[in-house]
Amino acid sequence: MAPSEPPSSDTEGTSEDVKEKNEGIVSISPVVEPMSEPAPVPAPAPAPARPKEARAKPAAPPPRPKPAVASADTPQSVTARLADQKDQLNGSIAAGLGELGEAVVEPGEYVPRPLPRIIAVANQKGGVGKTTTAVNLGAALAELGFRVLIVDLDPQANATTGVGIDARSFEMSMYDVLMRDVKIEDAVEPTSMKNLFIAPATIDLAGAEIELVPSFSRELKLRKALESIAGDFDYTLVDCPPSLGLITVNGLAAADEVLVPIQCEYYALEGLGQLLRNVQLVKSNLNDTLEVTTIVLTMYDGRTKLAEQVVEEVRSHFGNKVCKNVIPRTVRISEAPSFGQPITAFDPGSRGAIAYRELAKEVSGGAS
């Protein structure tokens, strides 16, 4: 067997071939060109400037007229100006009294009627001092020694609380008298003042206006109730509600006289004609003895010209029916009901207490 030849070295031949191939290849290196700087961006051309428009200036306001310089007041000019103001005020008040018809002027002073007296305190306008007058006039009359009964027909029951009677302290009220035919003497309650009594009211009276409609002889319920105590009291003051309904008609039909409180302001005069017409209707159909005998001016403020003019006009229209004594506007009169006392007991020395005492003397015939 012939000896084998050593294997040829493929690695050497391969490396030589690669070398020869590499020598025949020209190496190409990438040529890196330097970066050229970017061309500057041209700035945008500025926009052409707009021609300025001529702005119209706002028109100047017209010059304000200079106030005329008043000449120095003379006594004659002041008197003339006050006279003009008085004429205007009198015209306004006369317009308020115009619906009352002809003036009822009677010569002389206020002339009271003989006892016993049943007086309805009525005015359909609220806030004129009906309850305040009924309570304080009654208390002042009681101080003079008269037996006084206050009949509270107002569902608000202010007269009841004004004399210190709690609504929970009694069983019978004027509602029971009118609607259930309870005797009025069973409803009368004494007060803390000597000679002063009250027939109290409750909120139930608010429904009596409707409940009375189908009742027989509905306008005379109170008159029949008061007949049983006709001689027990010298004065019976009926505090009517601020309306012209059936309850007020009951009060007018039961009374012999009407006391009308008038607040010393213009609004208090409006509607007074309707009250007087209702009094005439009651007199013609139910109570031929009824008459407006007393007019009391209340809440008088002497600092205002209006109050003075109202007093003058009312006196010129109603004559001696207007009481000489007027009731001033005072805080103490307003405070007294919150303590359950009349002003004569709450602050005996106040202006209001003195005024109601003088009014009581005048109403009873003892005015000086």
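The numbering of the sequence shown is the working numbering, which starts it at 5 and goes up by one.
No residue lacks a Cβ here, since even glycine has one placed at the ideal position from N, Cα and C.
Around the beta carbon of Val181, 16 or more other beta carbons lie within 10 angstroms, which makes this residue buried. Counting along the chain, Tyr360 sits inside no beta strand (DSSP E); it lies in the alpha helix (DSSP H) bounded by residues Arg355 to Ser368. The DSSP-derived three-state label of Gln284 is helix. A straight line joining the alpha-carbon of Leu290 with that of Gln284 spans about 10 Å.
Counting only the Cα atoms, Ser219 lies some 31 Å from Thr137. DSSP places Arg121 in the uninterrupted beta strand (DSSP E) bounded by Arg121 to Val125. In this structure Glu362 is buried. Its beta-carbon is surrounded by 16 or more other beta-carbon atoms within 10 angstroms. Cα atoms of Pro118 and Ser368: separation of roughly 9 Å, rounded to the nearest angstrom.
Straight through space, the alpha carbons of Lys365 and Asp158 are spaced by roughly 26 Å. By alpha-carbon distance to Val132, the top candidate from Ser338, Ala357 and Ser354 is Ser338. Using a C-beta cut-off of 8 Å, the segment 224–233 makes contact with the segment 181–200, since at least three inter-stretch Cβ pairs fall below that distance. Listed as beta-bridge partners of Ile266 by DSSP are Leu301. Asp351 carries a coil assignment under DSSP once its states are collapsed to helix, strand and coil. Per DSSP, Asp238 has no beta bridge partner at all.
Asp180 carries a helical assignment under DSSP once its states are collapsed to helix, strand and coil. Beta-bridge partners of Ile154 (DSSP): Ile202 and Leu241.
Excluding five sequence positions before and after Ala191, the CB atoms of its chain that fall closer than 8 Å to its own CB belong to Phe174, Met176, Ser177, Met178, Asp180, Val181, Ala203 and Pro204, given in chain order. Ranked by Cα distance from Leu241, the first of Ala229, Gly249, Glu261 and Ile251 is Glu261. Non-local beta-carbon contacts of Gly168 in its own chain, meaning distances under 7 Å to residues more than five positions away in sequence, involve Thr195, Ser196, Gly344 and Gln345 in chain order. When DSSP states are grouped into helix, strand and coil, Pro246 belongs to the coil group. Contact annotation: the segment 262–277 touches the segment 314–322, with at least three C-beta pairs closer than 8 Å. The continuous alpha helix (DSSP H) containing Val315 extends over residues Lys309 to Phe322.
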